[in-house]
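Residue numbering for the sequence shown follows numbering that gives the first Met the number 0, beginning at 0 and increasing consecutively.
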Amino acid sequence: MIRSYKTQVTWLKGHWGELACSNGPHMKFSAPPSLQGYPDVLTPEDAFVASVNICVHMMFIWSAEKYKIDLVSYVCEAEGFAEDLIDRTSHFSRIILRSKITARNTTRDKVEKAIKSSLKYSLIVNSIKSAVIVEPQIYIEE
0 MIRSYKTQVT WLKGHWGELA CSNGPHMKFS APPSLQGYPD VLTPEDAFVA SVNICVHMMF
60 IWSAEKYKID LVSYVCEAEG FAEDLIDRTS HFSRIILRSK ITARNTTRDK VEKAIKSSLK
120 YSLIVNSIKS AVIVEPQIYI EE
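Laid out in structure tokens, this is it:
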């Protein structure tokens with residue numbers, strides 16, 4: 000099965016653009032201020048790191064349901080590390096996901112299996128060359 004996802008970008012003048020996603024959202028974007036862009040707006044770098052975080056989040060929710068984990072909370076901070084290469088190109092070498100997961104009436108082992116599953120089934124993680132590292136903090140309530 001092949002699925003298609005579409006976006007459209009439109010130049011708005013200067014270093015501004017607008018993103019339209021096939022699922023509905025529209026938002027302005029720019030480069031980061033350090034690359035002649037503007038603050039307080041979506042950047043391609045933010046969107047890339049966020050896409051990993053969002054996809055793993057959704058796959059974790061799916062995995063938690065599959066493993067019948069009584070999830071209390073899930074919060075995850077993602078940090079992407081962009082490296083400049085000798086030929087003046089750059090790439091994200093790794094993305095660290097620092098999740099804080101609270102679950103009830105389950106085991107740490109089940110939560111760890113759900114984390115592994117979420118990485119295995121993440122379309123975005125499977126589509127990038129950056130290493131994705133999860134540093135979870137797992138809390139189990141009785």
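A virtual CB, placed ideally from N, CA and C, is assigned to each residue, including glycine.
As the structure is a prediction and not an experimental result, all values here were calculated from the model.
Output yes or no for whether 8 Å exceeds the beta carbon distance between residue 75 and residue 96.
yes
Inspect the beta-carbon positions of residue 29 and residue 36 and report whether they are closer than 8 Å.
yes
Give the DSSP bridge partners of residue 93, in chain order.
80, 130
Segment contact flag, the stretch 81-89 with the stretch 63-72, C-beta cutoff 8 Å, min 3 pairs:
no
Exposed or buried, what is residue 62 when buried is set at 16 or more other beta-carbons lying within 10 Å of its beta-carbon?
buried
Give every residue of the same chain whose Cβ lies closer than 6 Å to the Cβ of residue 118, excluding the five residues on either side of it in the sequence, and list them in chain order.
124
Kindly say whether residue 21, judged by its beta-carbon, lies nearer than 8 Å to any beta-carbon of chain B.
Protein chain content of the structure displayed is limited to a single chain, and chain B is not contained in it.
Tell me the rounded alpha-carbon separation between residue 143 and residue 58.
Residue 143 cannot be examined here, being either before or after the span of the chain that is shown, 0 to 141.
Cα-Cα separation between residue 5 and residue 141, rounded to whole angstroms:
44 Å
Can you give me the Cβ contacts of residue 50 inside the same chain, cut-off strictly under 7 Å, excluding the 5 residues immediately before and after it?
123
Beta strand (DSSP E) segments (min. 3 residues) lying fully within the stretch 30-77
none
Alpha-carbon spacing of residue 133 relative to residue 12, whole angstroms
39 Å
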